[in-house]
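What follows is one structure encoded as structure tokens, with my remarks underneath.
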Amino acid sequence: MVTSLKEEELHKHVLIPYKPNAKYAYTAGQAQSRYLLGLKEGKILGRKCVKCGKIYVPPKMYCDECFRPTDIWVEVMDEGYVMTAVASFISWTREKISEPELVGVIRLLPSNPRDFVYPGIFHRLCVSYEEVRNMSVIGKRVKAVWRPKEERKASIEDIQCFKVI
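Numbering (full-length UniProt numbering), first residue to last: 1 to 165.
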């Protein structure tokens with residue numbers, strides 16, 4: 001049996017805002033490191049399993065389909081199709097925002113038409129809130145908008161967003 005909280009119960013709790021001064025060290029690992037370095041060069045790299053033909057972007061060292069190591073690095077196009085989209089009124093730092101972040105999953109196009117890029121890249125979309133709200137952006141072809149070369153830092157932020165073409 002499920003018991004829902006009443007509205008007044010939600011306000012009984014004391015919320016103490018606290019932002020810890022925590023420092024993190026994160027190692028991206030072999031696959032992610034090469035992927036991020038590729039972004040710095042203006043390339044989107046994936047790992048291909050030659051047995052099933054899947055290209056993983058972001059890259060994985062093991063194929064989910066075949067349960068074996070992926071074989072080769074391949075470059076995919078910086079274009080694709082919007083598979084899903086959402087308008088988030090919560091910032092990347094978990095704070096309420098008045099202007100939504102518009103994000104989606106983009107199924108990227110392979111350099112070789114016989115290949116299949118999986119599962120897709122989650123990123124910002126250069127579209128209007130209305131296009132996300134009414135879902136008209138779903139299925140649209142998009143292209144990456146890259147930061148200028150001198151501003152790139154081997155980060156997912158090297159791609160500013162994906163715009164409709």
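Glycine included, C-beta positions come from ideal geometry on N, C-alpha and C.
- request: Jot down the residue ranges of each uninterrupted alpha helix (DSSP H) in the stretch 69-146, minimum 4 residues, whole runs only, in chain order.
  value: 129-133
- request: Tell me residue 56's beta-bridge partners as DSSP assigns them.
  value: Position 56 of the sequence shown, counted from the start, is the residue given in the question as residue 56. Bridge partners of residue 56: 47, 118.
query: Using DSSP with H/G/I as helix, E/B as strand and the rest coil, what is residue 159?
result: As a first step, residue 159 must be located in the sequence shown, where it is residue number 159. In the structure shown, residue 159 sits in a strand (DSSP, three-state: E or B).
message: Suppose the cutoff is 8 Å on Cβ atoms and the five residues either side in sequence are ignored; what does the same chain contact list for residue 110 look like?
response: In the sequence shown, counting from the first residue as 1, residue 110 sits at position 110. Cβ neighbours of residue 110 beyond the five flanking positions: 55, 74, 76, 77, 116, 117.
message: Let me make sure I understand the geometry here. Which of 106, 134, 112 has the alpha-carbon closest to that of residue 125?
response: The residue labelled residue 125 in the question sits at position 125 within the sequence shown. Residue 106 is the option with its Cα nearest to residue 125.
- prompt: If you drop the 5 nearest sequence neighbours on each side, which residues of the same chain put their C-beta closer than 7 Å to that of residue 161?
  reply: On the sequence shown, position 161 is the one that residue 161 refers to. Answer for residue 161: 123, 124, 125, 126, 145, listed in chain order.
field: Close beta carbons around residue 154, own chain, < 8 Å, minus the five adjacent residues each side
entry: Counting from 1 along the sequence shown, the entry for residue 154 is found at position 154. Counting only Cβ-Cβ distances below 8 Å, and skipping sequence neighbours, we find 36, 37, 39, 40.
- prompt: Does the stretch 129-137 come close enough to the stretch 82-95 that 3 or more CB-CB pairs lie under 8 Å?
  reply: yes
- request: Report, in whole angstroms, the separation of the C-beta atoms of residue 32 and residue 58, which I expect to be a contact under 8 Å.
  value: The sequence position of residue 32 within the sequence shown is 32, counting from 1. The sequence position of residue 58 within the sequence shown is 58, counting from 1. Rounded, the Cβ-Cβ distance is 7 Å, consistent with contact.
- prompt: Between the beta-carbon of residue 81 and the beta-carbon of residue 141, is there less than 8 Å?
  reply: Numbered from its first residue, the sequence shown carries residue 81 at position 81. Numbered from its first residue, the sequence shown carries residue 141 at position 141. Going by C-beta atoms, residue 81 is nearer than 8 Å to residue 141.
- prompt: Who pairs with residue 62 in a beta bridge, going by DSSP?
  reply: Position 62 of the sequence shown, counting from 1, holds the residue named residue 62. BP columns for residue 62 point to 69.
query: Buried or exposed: which applies to residue 50, given that a residue is buried once 16 or more other Cβ atoms fall within 10 Å of its Cβ?
result: On the sequence shown, position 50 is the one that residue 50 refers to. Result: exposed.
query: Considering only the beta carbon of each residue, do residue 149 and residue 163 sit closer than 8 Å?
result: To locate residue 149, count along the sequence shown from 1; it is residue 149. To locate residue 163, count along the sequence shown from 1; it is residue 163. Not a contact, by the Cβ cut-off of 8 Å.
query: CA-CA distance, residue 166 and residue 8?
result: Absent from the structure is residue 166, since the part of the chain shown begins at 1 and ends at 165.
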